[in-house]
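Trainee:
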Amino acid sequence: MLAETICSAVSAAGLGIAAITAYRRRFLAATRIAAYSLVPVGLVLTGAVEWAVNTAFSPSAWVGFGLLGGAWLLFMTTRIVERRSGGTRRSRKERKAAAGGEAVAPAASAPSLGAARPASAPRSQKAADTGADDFSDIEAILKKHGI
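Heads up, this note's numbering is the position in the sequence shown plus 97, with the first residue counted as 1.
1. Considering only the beta carbon of each residue, do residue 107 and residue 137 sit closer than 9 Å?
2. Could you tell me which of 127, 100, 102 and 232 sits nearest to residue 113, measuring between CA atoms?
3. Please classify residue 115: is it buried, with 16 or more other beta-carbons within 10 angstroms of its beta-carbon, or exposed?
4. Would you mind working out which of 105, 191 and 174 sits nearest residue 139, comparing C-alpha positions?
5. Could you have a look at residue 123 and say whether DSSP puts it in helix, strand or coil?
6. Quick check: the Cα distance between residue 160 and residue 149, rounded to an integer number of angstroms?
7. Which of helix, strand or coil does DSSP assign to residue 188?
8. Beta carbon of residue 146, beta carbon of residue 101: below 9 Å?
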């Protein structure tokens with residue numbers, strides 16, 4: 098009962114200030130003040146104030162809030178420990194890659210296994226020195242297309 102009276106008084110005071118502001122021809126500010134001053138009465142009429150008062154003085158509600166806080170604290174603690182110990186997805190992927198890579202089908206082709214071109218086929222020394230090998234591929238492509 099006391100909370101409803103206080104909310105009504107606050108709303109009445111806010112509407113009075115809005116009227117004074119409107120008298121000074123600051124209508125936009127007066128409308129905004131009136132909107133803010135109607136919120137406490139709206140909360141009283143919806144029952145939110147009664148719920149808040151009953152929750153504030155209820156021991157079981159405070160035990161519930163305590164349990165929720167404890168659950169949140171445990172959750173955040175596990176997240177912190179997981180990050181410090183390297184238990185993230187990235188570290189699991191790194192460990193998996195170090196252990197032998199990703200799983201591949203038994204009949205997979207060589208490119209899917211990650212096999213690169215053999216190292217036993219070095220480029221010729223002459224082509225490396227002259228740089229002709231660099232443009233020969235481009236010339237072949239251009240001739241193929243008739244350019």
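Cβ atoms here follow ideal geometry from the backbone N, Cα and C, with glycine treated the same way.
What you are looking at is a predicted structure, and each value in this text was computed from that prediction instead of being measured.
Mentor: Answer, in terms of the structure:
1. On the sequence shown, position 10 is the one that residue 107 refers to. On the sequence shown, position 40 is the one that residue 137 refers to. Yes. Within cutoff.
2. Position 16 of the sequence shown, counting from 1, holds the residue named residue 113. Checked all of 127, 100, 102 and 232; the closest Cα to residue 113 is 127.
3. If you number the sequence shown from 1, residue 115 lands on position 18. Buried is the call here.
4. Locating residue 139 in the sequence shown gives position 42, counting from the first residue. Selected option, being the one with the closest Cα: 105.
5. Mapped onto the sequence shown, residue 123 falls at position 26. Of the three classes helix, strand and coil, the one that applies to residue 123 here is coil, per DSSP.
6. The residue labelled residue 160 in the question sits at position 63 within the sequence shown. The residue labelled residue 149 in the question sits at position 52 within the sequence shown. Whole-angstrom Cα-Cα distance: 15 Å.
7. Residue 188 sits at position 91 when you count from the first residue of the sequence shown. In this structure, DSSP gives residue 188 a helical state, which the three-state scheme calls helix.
8. Locating residue 146 in the sequence shown gives position 49, where the first residue counts as 1. Locating residue 101 in the sequence shown gives position 4, where the first residue counts as 1. Yes, the pair counts as a contact, with Cβ atoms nearer than the cut-off.
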